[in-house]
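So the sequence shown is numbered by the numbering used here: it starts at -8 and just counts up by one.
Let me begin by presenting the structure, written as structure tokens, before commenting on it.
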Amino acid sequence: MKTWWVREVGGVGLALACLLAGCSYPLREIPRGTVRGKVTYKGQPLPAGFLVFYNASIPVEFGVIKPDGSGTYEASVTPGLVQVTVRWESSLGGNLPPERSSRIPANRPRPSPSIPGADLTAKQANLLDEVQQKYGSLRTAKPLTFDVAAGEQTWNINLD
-8 MKTWWVREVG
2 GVGLALACLL
12 AGCSYPLREI
22 PRGTVRGKVT
32 YKGQPLPAGF
42 LVFYNASIPV
52 EFGVIKPDGS
62 GTYEASVTPG
72 LVQVTVRWES
82 SLGGNLPPER
92 SSRIPANRPR
102 PSPSIPGADL
112 TAKQANLLDE
122 VQQKYGSLRT
132 AKPLTFDVAA
142 GEQTWNINLD
């Protein structure tokens, strides 16, 4: 009688092991698109900053605008239509969004840009603040959208 029980449990264990072995194939790699380009504002390259790529209002990737004054960036993004915001601070929190920052009293100083590795002048900081006011939210009057494809592509962003 013990032999029958061991045989049944062993058979079920062997079937379960085969089933699990069939499910152990590696997951399919999700394709990515490498987006590179240059960000300019009023014809001049941005001195530094961040691009936040959104899919259905969910941030999916960040791109860093190099703090060397060239305005160039690179980001690896899942293919599909994305919306993009331009910010001067790396976190999604911290500084007030453009729709709320206009409510800061005139006598209260605005937060200064905080970009690691960038030594910004007051003029550059004001420029980045102006850009974030216009393009730092998904609710901007001129939303930035891009259809990312798998592989490498160039998207130069000209802001006015």
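Ideal Cβ placement from N, Cα and C applies to all residues, glycine included.
Whole angstroms is fine: what's the gap from residue i's alpha carbon to residue j's?
i: A140; j: Q123; result: 26 angstroms
i: W146; j: P50; result: 19 angstroms
i: G62; j: T31; result: 6 angstroms
i: L155; j: S48; result: Here the chain covers residues -8 to 151 and nothing more, so residue 155 does not appear.
i: R27; j: T131; result: 23 angstroms
i: L135; j: E52; result: 15 angstroms
i: Q184; j: E20; result: Given that the chain is displayed from residue -8 to residue 151, the structure contains no residue 184 and the question cannot be resolved.
i: Y45; j: G34; result: 25 angstroms
i: K125; j: K133; result: 8 angstroms
i: P22; j: P70; result: 7 angstroms
i: I148; j: W79; result: 16 angstroms
i: P100; j: A113; result: A caution first: P100 carries a pLDDT of 43, below 50, which makes its placement in the model unreliable, though a value can still be read off. When rounded, the distance between both Cα atoms is 13 angstroms.
Could you tell me how far apart the beta carbons of residue i and residue j are, in whole angstroms, since I believe they sit closer than 8 angstroms?
i: V68; j: V43; result: Not quite, the Cβ-Cβ distance comes to about 11 angstroms (not below 8 angstroms), so this is no contact.
i: G142; j: G24; result: 6 angstroms
i: L150; j: A39; result: Actually they are not in contact, since the Cβ atoms of L150 and A39 sit about 14 angstroms apart, beyond 8 angstroms.
Please name the residue in the options whose C-alpha comes closest to that of residue i.
i: F137; options: L72, P36, K33 and G40; result: L72
i: V77; options: P36, K114, P70 and T112; result: P36
i: E65; options: K29, N46 and K125; result: K29
*Would you check if there are 3 or more beta carbon pairs closer than 8 angstroms linking the region 116 to 136 to the region 49 to 66?*
By the Cβ test, the region 116 to 136 is not in contact with the region 49 to 66, since fewer than three Cβ pairs between them sit closer than 8 angstroms.
*Where in the region 13 to 74 do unbroken runs of the alpha helix (DSSP H), each at least 4 residues long, occur, reported from the N-terminal end onward?*
Whole alpha helix (DSSP H) segments, 4+ residues: zero.
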